[in-house]
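Chemist:
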DNA sequence: GCCTCTGGATTTTTT
DNA sequence: ATCCAGAGGC
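Numbering (my numbering), first residue to last: 697 to 1434.
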């Protein structure tokens, strides 16, 4: 089905241009993914390149996984030897193996944004900086920015131009020192330290250069300077560098993505072959034209002329609602109608918005009308407290110098080591020039020996005992980690740390515990490795992956998603809501021409996700941060020629005000078609009410006390016989009505 | 050591 | 409106 012959002429050219640098500019829906996979398959099957010698970089783990899956069908077993992954995953692997040459310990841990903030706050404390005067988030962003541009702390300090920059410089230096002592790398470090390693150790770089005959990078428009540098380094020997991207879809400049990379590729590689993929296979002519008109206003842009053989299709529907509630209502109604007419299924629809805050009112409407939906990325699994806590235990086992993890769990569950004791411990550690963990060991040793130095230990009986006890269990964990398999270790740690008990006692215990069990199944995936390797692989996996299962495109539900997250996806019907000044473009981007161009690209990305129907909605009046305001329609709407647009007539508008009862037949319909697939996430919310009897897999039978909406879910309070009252999240708890 | 209260902020978040 | 961090009270 996916064969070479089915590619158009340009695509074939892109697949076969395997000598030297290649820049593929791929418009939306131009079959980019197919080209990339076909190209790899071509290299292996036709050219006879050993898969081991191909490097393919993607931007998400999901994209990497998809690429591997597609390739499996084309070249079967050969994929095993390919290097496919994100920049971060690939760099982590390189540093794990070769980092030692540049002073990076093999057991380093990876700090995420959360851990980073902890370190920054600690640094600021140590430097006596008031977090109210200098906002830690801003400092974190500045440091990350500096790292993305390969500016070292010393350089930063040298070139600081203002008091604020000077402060940042000081925190930056301290921050680096802290990370080093914790044997930790942040996300930016993974890239930066790899580039540095390659610069300093030509022999290491040479090995990778020699190995990778072909280097490919997807989503090149979103790479930053370090990433580009990395590609240049690795690809230098063979110069078979193929980058694929679309400058018009660059929407991550605020994360240091640098559009100049793609714009200057031809400058850096004058012999680069440039291939434009301009035929669109996704959208109708009207949608594509709408998109082109919006994007063509941008000044800093390579001209590109997209075209399609697809039908003209429906006109773009531009809808003005009175309020955001009416806007949401229109969306739901329209979806119900299209589904009722058997034109589409729920999975065909996506509703997109600029800010997460907008999802709320949409959810309320979907719940009210009983239309199943899926909110992409509510609370991320790995950001949940209990998940982070448990991971912290394992990070500490692998690397006891990890101060962030230690701080996190030293008193979780509570073991009598409060802030005072904790602070005292850090001070003592600093005075001895040792890490906190090593200090704990010293404490235990001297306690056991009851030696003469005991008077130096600044802890009286109770605090000292608590610290010693904690230290002892950690030592035991570390010993066991050498020989016990990961899942057994997992269970042991949760039991003996008392974390299991602690969790189950929590009001939200059931939900928390289920998350921990979920994490346990992740740990199970590494059962084939030796204990040491399994632990390392597990930690690396959880550090670099943001979602457990990704999302299931098969699930027949309406998708609610931010414009940013929608990149790379496609839907038969797309609604973009809040197409208003101050929202899209966002108010924070309105005074900077470059940022304004990015907002426009964001709008373009949204529009080009649509295959058959496109709705652009705005509300006359919108409540925003508790304040109601009147926003004019987005300037982007004015760039769409009238001939491409329809606005709904009054009859259609009127209907949105009809009472809920009118839709009840529809709700039943949806229930019937959807119900069996799995216990649906959101449908029962309207059903479960106080007094209902329910059954839970762990707690048994109980009675519903209350059911209230929280964020993207419903919090159901249930009184279980003999188990007490628990608060459960509906989406996770598998409550069965009895 | 835990709980409640208040003040401040609230774009986007592939890793 | 609402969520969160940090301060201060019990």
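Beta carbons: idealized from backbone N, C-alpha and C, even for Gly. Since the model is a prediction, treat every value here as computed from it, not as a measurement.
(1) Apart from the five residues on each side of it in sequence, which residues of its chain come closer than 8 Å, Cβ to Cβ, to residue 1019?
(2) Just the C-alpha distance for residue 1361 and residue 910, rounded to the nearest angstrom, thanks.
(3) Ignore the nearest five residues each way along the sequence and tell me which others in residue 1070's own chain have a CB closer than 6 Å to its CB.
(4) On a Cα-Cα basis, can you pick out the residue from 1195, 1125, 1054 and 980 that is closest to residue 1083?
(5) Quick one, which of 759, 1191 and 898 has its alpha-carbon nearest residue 664's?
(6) Taking C-alpha atoms, which residue in 827, 880 and 785 lies nearest to residue 803?
(7) Label residue 855 either buried or exposed according to how many other C-beta atoms from any shown protein chain fall within 10 Å of its C-beta, with 16 as the threshold for buried.
(8) Relative to the alpha-carbon of residue 817, which residue among 800, 835 and 805 has its alpha-carbon at the smallest distance?
(9) Taking only three categories from DSSP, how would you classify residue 796?
(10) Going by beta carbon distance, what residues of the same chain come within less than 7 Å of residue 897, once the five residues before and after it are set aside?
(11) Looking at residue 1269 and residue 1313, is the spacing between their C-beta atoms short of 8 Å?
(12) According to DSSP, what are the bridge partners of residue 1124?
(13) If we ignore side chains and look at the alpha-carbon of each, how far apart do residue 1378 and residue 938 end up?
(14) Which of the three DSSP states is assigned to residue 963 in this structure?
(15) Measuring alpha carbon to alpha carbon, tell me which residue in 1139, 1127 and 1188 is nearest residue 1167.
(16) Just curious, the alpha helix (DSSP H) that residue 1210 is in, first and last residue?
(17) Which runs of the alpha helix (DSSP H) at least 4 residues long sit entirely within the stretch 805–832? Give them in chain order.
(18) If you draw a straight line from the alpha carbon of residue 1200 to that of residue 1191, how long is it in whole angstroms?
(19) For residue 1015, write down the residues that DSSP places opposite it in a beta bridge.
(20) Considering only the beta carbon of each residue, do residue 912 and residue 752 sit closer than 8 Å?
(21) Quick one: Cα of residue 773 to Cα of residue 749, how far?
(22) Figure out for me which residue from 1311, 1277 and 795 has the closest Cα to the Cα of residue 1326.
(23) Please state whether DSSP places residue 995 in a helix, a strand or coil.
(24) From this set, 813, 827 and 1000, which residue's C-alpha is nearest residue 883's C-alpha?
(25) If you drop the 5 nearest sequence neighbours on each side, which residues of the same chain put their C-beta closer than 6 Å to that of residue 703?
(26) Give the C-beta separation of residue 819 and residue 867 to the nearest angstrom, bearing in mind that I take them to be a contact with Cβ-Cβ under 8 Å.
(27) Round the Cβ separation of residue 1056 and residue 1279 to the nearest angstrom and send it over; I've been treating them as touching at under 8 Å.
(28) Could you please give me the residues that DSSP links to residue 1256 through a beta bridge?
(29) Count the CB pairs spanning the stretch 714–729 and the stretch 997–1004 that are closer than 8 Å, and state whether there are at least three.
(30) With 16 as the cutoff for other CB atoms within 10 Å, does residue 1066 come out buried or exposed?
(31) Is the distance from the Cβ of residue 1303 to the Cβ of residue 986 below 8 Å?
(32) Going by CA-CA distance only, name the one from 1231, 1226, 705 and 745 that's closest to residue 1219.
(33) Can you tell me whether DSSP reads residue 740 as helix, strand or coil?
(34) Does residue 1217 pass the burial test, meaning 16 or more other C-beta atoms within 10 Å, or should it be called exposed?
(35) Below 8 Å, how does it come out for the stretch 754–770 and the stretch 1005–1017: are there three or more Cβ pairs, yes or no?
(36) Helix, strand or coil for residue 855? Go by DSSP, reduced to three states.
Modeler: In short:
(1) Exclusion of the five residues before and after residue 1019 leaves 1315, 1316, 1317, 1318 and 1319 as the residues of its chain whose Cβ lies within less than 8 Å of its Cβ.
(2) With a pLDDT of 28 at residue 1361, under the threshold of 50, the modelled position of that residue is not reliable, and the figure given next carries that caveat. Between the alpha carbons of residue 1361 and residue 910 lies a gap of roughly 58 Å.
(3) For residue 1070, same chain residues with a beta-carbon under 6 Å away, outside a window of 5 residues either side, are 1253 and 1255 in chain order.
(4) That would be 1195, whose Cα lies nearest to the Cα of residue 1083.
(5) No answer is possible for residue 664: the residues shown for the chain start at 697 and end at 1434.
(6) Checking every option, the nearest Cα to that of residue 803 belongs to 880.
(7) Classification for residue 855: exposed.
(8) Here the closest residue by C-alpha is 835.
(9) Helix.
(10) Here the set comprises 797 and 798.
(11) Residue 1269 sits away from residue 1313, with the two beta carbons spaced by 8 Å or more.
(12) Answer is none; residue 1124 lacks a bridge partner.
(13) The predicted model places residue 1378 with a pLDDT of 33, which falls under 50 and marks its position as unreliable, so this point remains unresolved.
(14) It is helical.
(15) When 1139, 1127 and 1188 are compared, the shortest CA-CA separation from residue 1167 is found for 1139.
(16) Per DSSP, residue 1210 belongs to the alpha helix (DSSP H) from 1205–1220.
(17) Within the stretch 805–832, complete alpha helix (DSSP H) segments of at least 4 residues are found at 809–822, given in chain order.
(18) Rounded to the nearest angstrom, the two C-alpha atoms are 12 Å apart.
(19) In the DSSP output, where bridge partners are listed per residue, residue 1015 has 1313.
(20) Their beta carbons are under 8 Å apart, which means residue 912 touches residue 752 by this criterion.
(21) Looking at the backbone, the Cα of residue 773 and that of residue 749 are separated by about 15 Å.
(22) Closest in alpha carbon position to residue 1326, among 1311, 1277 and 795, is 1277.
(23) In the structure shown, residue 995 falls within a coil segment according to DSSP collapsed to helix, strand and coil.
(24) Distance check between residue 883 and each of 813, 827 and 1000 places 813 closest, using alpha-carbon atoms only.
(25) Excluding residues within five positions, none has a Cβ falling inside 6 Å.
(26) So it is a contact: roughly 5 Å between Cβ atoms.
(27) Rounded, the Cβ-Cβ distance is 14 Å, inconsistent with contact.
(28) As a beta-bridge residue in DSSP terms, residue 1256 pairs with 1047 and 1071.
(29) Contact holds: three or more Cβ-Cβ distances are below 8 Å.
(30) By the 10 Å Cβ count, residue 1066 comes out buried.
(31) The answer is yes: Cβ separation under 8 Å.
(32) Residue 1231 is the option with its Cα nearest to residue 1219.
(33) Residue 740 falls in the helix class under three-state DSSP.
(34) By the neighbour-count criterion, in which 16 or more other beta carbons inside 10 Å mark a residue as buried, residue 1217 falls on the exposed side.
(35) Touching, no, given that fewer than three Cβ pairs across the two stretches are closer than 8 Å.
(36) Three-state DSSP puts residue 855 in a helix.
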